[in-house]
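Student: In short: position in the sequence shown from 1, add 29, done, that's the working numbering.
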Amino acid sequence: MRCALGGGDAAFDDTRPCIFQEFKNVEIMTKMILMNERGMVTLPKRMRQRIGYGETRGILVAEERPEGILLRPGTVVAVESYSPERIAEFESADAELAEFAVGLRKAAKKGEP
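Here is the structure:
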């Protein structure tokens, strides 16, 4: 473990074996990172490579935790795209359902089961 806070290069480097059983062969990397006035941070290249981003851009999920902010790789899931025909099917089904609901209300007013 190397810690050079306050003098020399202002980096904090901590690479150690993880204590969790399911990650027993994984090393944890800890770095001191500066945040600018706009709240932007730059992750070190080695850290980006370890999470699979290397030279490319990526999406991170920022999760607020009691002990700080956890950044983890995120993914974008494609939302289903509907064709005009499929949208027409939905609209038809909605109209059918609305018609059925009107019939139910009328029957309820008449006291029919």
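Glycine included, every Cβ here is placed at the ideal spot set by N, Cα and C.
What does a CB cutoff of less than 6 angstroms around residue 92 pick up in its chain, not counting 5 residues either side in sequence?
Tutor: For the purposes of this step, residue 92 is taken as the residue at position 63 of the sequence shown. For residue 92, where only same-chain residues beyond five positions count, the Cβ hits under 6 angstroms are 99.
Student: CB-CB under 8 angstroms to residue 88, same chain, minus the five flanking residues each way: which ones, in chain order?
Tutor: Numbered from its first residue, the sequence shown carries residue 88 at position 59. 102, 103, 104 and 105, listed in sequence order.
Student: Locate the beta strand (DSSP E) running through residue 103, then write down its first and last residues.
Tutor: Locating residue 103 in the sequence shown gives position 74, counting from the first residue. First-last for residue 103: undefined, no H or E at that position.
Student: Any idea which residues DSSP pairs residue 145 with across the strands?
Tutor: The question about residue 145 has no answer here: the residues shown for the chain are numbered 30 through 142.
Student: Could you tell me whether the Cβ atoms of residue 77 and residue 68 are closer together than 8 angstroms?
Tutor: Here residue 77 refers to the residue found at position 48 of the sequence shown. Here residue 68 refers to the residue found at position 39 of the sequence shown. Cβ distance not < 8 angstroms, so residue 77 and residue 68 don't count as in contact.
Student: Below 8 angstroms CB to CB, which residues in the same chain sit around residue 75 once its five sequence neighbours on both sides are set aside?
Tutor: To locate residue 75, count along the sequence shown from 1; it is residue 46. Closer than 8 angstroms at the Cβ level, and outside the excluded window around residue 75, lie 58.
Student: For residue 92, list the residues DSSP reports as bridge partners.
Tutor: Here the question's residue 92 lines up with position 63 in the sequence shown. 99, per the DSSP bridge assignment.
Student: Please list the terminal residues of the continuous beta strand (DSSP E) segment that includes residue 56.
Tutor: Residue 56 sits at position 27 when you count from the first residue of the sequence shown. First-last of the beta strand (DSSP E) with residue 56: 56-60.
Student: Kindly list the residues whose CB is nearer than 6 angstroms to the CB of residue 80, restricted to its own chain and excluding five residues on each side of it in sequence; keep chain order.
Tutor: Reading the sequence shown from its first residue, position 51 is the one you call residue 80. The residues are 102.
Student: How many Å lie between residue 120 and residue 86 at the Cα?
Tutor: Against the sequence shown, residue 120 aligns to sequence position 91. Against the sequence shown, residue 86 aligns to sequence position 57. Distance between the alpha carbons of residue 120 and residue 86: 39 angstroms.
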